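Residues in the sequence shown are numbered from 74 upward in steps of one, following our numbering. Think of the CB as a built atom: it goes at the ideal place given N, C-alpha and C, for glycine as much as any other residue. Just so we're clear, the structure is a prediction, and the values are computed from it rather than from any experiment. This report refers to the structure that appears directly beneath it.
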Amino acid sequence: MSTFRVNIDFEYELYDSSWSFEGATFRKMCQELEWLYLFMGEDGTSLSSDVNYSQMYLDFVSDISKKQIDKVLLSRNAIPWWGNSFNDEEKKWNSKLTSFEISSKLGLLPAGSRIINSSQELDQYFQEGMVLKPPFEFSGRGFKKSKDGKVDFPVILEPWENRTLDFGIRYDYQTKNLSIIENFNDRKGQFRGGRLRPDLLDDLDQNILQKIVEEYRLLGITDSLQLDCYQTQRGIRYLVEANHRKTMGDFIKYM
Numbered sequence: 074m075s076t077f078r079v080n081i082d083f084e085y086e087l088y089d090s091s092w093s094f095e096g097a098t099f100r101k102m103c104q105e106l107e108w109l110y111l112f113m114g115e116d117g118t119s120l121s122s123d124v125n126y127s128q129m130y131l132d133f134v135s136d137i138s139k140k141q142i143d144k145v146l147l148s149r150n151a152i153p154w155w156g157n158s159f160n161d162e163e164k165k166w167n168s169k170l171t172s173f174e175i176s177s178k179l180g181l182l183p184a185g186s187r188i189i190n191s192s193q194e195l196d197q198y199f200q201e202g203m204v205l206k207p208p209f210e211f212s213g214r215g216f217k218k219s220k221d222g223k224v225d226f227p228v229i230l231e232p233w234e235n236r237t238l239d240f241g242i243r244y245d246y247q248t249k250n251l252s253i254i255e256n257f258n259d260r261k262g263q264f265r266g267g268r269l270r271p272d273l274l275d276d277l278d279q280n281i282l283q284k285i286v287e288e289y290r291l292l293g294i295t296d297s298l299q300l301d302c303y304q305t306q307r308g309i310r311y312l313v314e315a316n317h318r319k320t321m322g323d324f325i326k327y328m
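In structure tokens form, the structure reads like this:
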């Protein structure tokens, strides 16, 4: 029987030198979303956790999901489920620096976007109405609309655009199928919910999408990939970032 742990802290596990298996902050983050695995995990597997779930609760979820998932003690040897932190290639695939470089190559960046590598460059290029994005954060965490305070380099500098729609495109490399989830994000860009939006498929530029997924295929991705996108009055920005891991959109689609 395979045993999995819910590593919602996937990006931190990959990139943050302060991450540790025993870290209280990261453990709490994962514990709060372990219920996702109880619904979406593979039948007949185990969830690695130190949360004391009652058998009544596990039976209740099993009755809804029609799956039997056992709960075991937290294990270092459990397979990371949210994203494969055992694979070093994930650092490149999930980095905003990679999505920035691909967007630049394909001519998809908003005017004024650039990678900032020093405080001198930051002083030179930062203007009001722009945002700084760390390469490895997720769901809007770490975004700064000011150059004041501590800034770790390299950092991505972009204009803060007025979005009319945020959405994610899941591309399956095996079936060539696309699915779209509208993301309900707050003012900080953090995910608060979503819904399926198959009606948006006809609005997409398939030529641009194929170029993007081909760039990631050349980097070694062969299963599936999510592209985070948004729409403004001027049109669609197709590659804000890419996620080679599970997402909350996957749960919405699953349900």
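Nearest to residue i (by Cα), restricted to the options the options
i, options, result
"SER135", "MET113, GLY156, GLU231 and TRP155", "MET113"
"ASP278", "ARG307, TYR311, TYR198 and PHE173", "TYR311"
"CYS302", "GLU287, SER252, PHE324 and VAL224", "SER252"
"LEU205", "LYS223, ASP221, VAL228 and PRO183", "VAL228"
"ASP259", "PHE216, SER75, PHE94 and SER158", "PHE216"
"PHE226", "GLY202, GLY262, PRO232 and ILE188", "ILE188"
"PRO153", "ILE137, GLU84 and GLN200", "GLU84"
"LEU182", "GLU234, PHE324 and GLU162", "GLU234"
"ALA315", "LEU282, THR118 and SER75", "LEU282"
"ILE309", "THR295, SER297, LEU274 and TYR327", "LEU274"
"ARG214", "PHE264, GLU201 and SER192", "PHE264"
"TYR327", "VAL313, ILE294, ILE254 and GLN306", "ILE254"
"SER191", "GLY262, GLU201 and LYS220", "LYS220"
"ARG149", "THR76, ILE81 and PHE324", "THR76"
"SER295", "GLY266, LYS249 and ALA184", "For clarity, residue 295 is Thr in the given sequence; the question names Ser instead. Here the closest residue by C-alpha is LYS249."
"SER297", "ASN157, GLY222 and VAL224", "ASN157"
"GLY262", "LEU292, ASN280 and VAL313", "VAL313"
Helix, strand or coil at residue i according to DSSP, with G and I counted as helix
i, result
"GLY308", "strand"
"ILE281", "helix"
"THR248", "coil"
"VAL124", "coil"
"ALA151", "coil"
"ILE175", "helix"
"SER191", "coil"
"SER168", "coil"
"ASP196", "helix"
"LEU238", "strand"
"GLU255", "strand"
"ASP301", "strand"
"ARG290", "helix"
"SER93", "coil"
"VAL313", "strand"
"SER219", "coil"
"SER119", "strand"
Limits of the unbroken alpha helix (DSSP H) element including residue i
i, result
"LYS98", "Here residue 98 is Thr; the residue named in the question, Lys, does not match the sequence. Note, THR98: alpha helix (DSSP H), 97-104."
"LYS326", "321-327"
"PHE83", "83-88"
"PHE159", "Element bounds for PHE159: n/a, residue is neither H nor E."
"PHE264", "Here PHE264 belongs to no alpha helix (DSSP H); instead the beta strand (DSSP E) covers 264-269."
"PHE112", "108-113"
Where the beta strand (DSSP E) containing residue i begins and where it ends
i, result
"MET203", "203-206"
"LEU230", "228-232"
"VAL145", "143-145"
"ARG78", "76-78"
Whole-number beta carbon distance between residue j and residue i, since they are thought to touch under 8 Å
i, j, result
"LYS140", "ASP116", "4 Å"
"ARG318", "TRP108", "So it is not a contact: roughly 18 Å between Cβ atoms."
"THR320", "GLN299", "5 Å"
"ASP123", "LEU147", "4 Å"
"SER138", "LEU120", "About 12 Å separates the two Cβ atoms, so there is no contact after all."
"GLU231", "MET203", "7 Å"
"ILE142", "THR118", "6 Å"
Any non-hydrogen atom of the ligand MN closer than 7 Å to residue i Cβ
i, result
"PRO153", "This structure lacks the ligand MN, and indeed carries no ligand of any kind."
Assess, as a yes-or-no matter, whether the segment 128-142 is touched by the segment 95-102 under the definition of 3 or more beta carbon pairs within less than 8 Å. Contact fails: fewer than three Cβ-Cβ distances are below 8 Å.
So, does the segment 158-168 touch the segment 83-96, judging by three or more C-beta pairs under 8 Å? Taking 8 Å as the limit for Cβ pairs, the verdict is that the segment 83-96 does touch the segment 158-168.
Contact the segment 236-247 vs the segment 188-198: 3+ CB pairs below 8 Å: No, the segment 236-247 does not touch the segment 188-198.
Count the CB pairs spanning the segment 270-286 and the segment 231-242 that are closer than 8 Å, and state whether there are at least three. Judged by Cβ distances under 8 Å, the segment 270-286 makes contact with the segment 231-242, as three or more pairs qualify.
Assess contact between the segment 280-298 and the segment 177-193, defined as three or more Cβ pairs (one per stretch) separated by less than 8 Å. Is contact present? Enough Cβ pairs lie closer than 8 Å, so yes.
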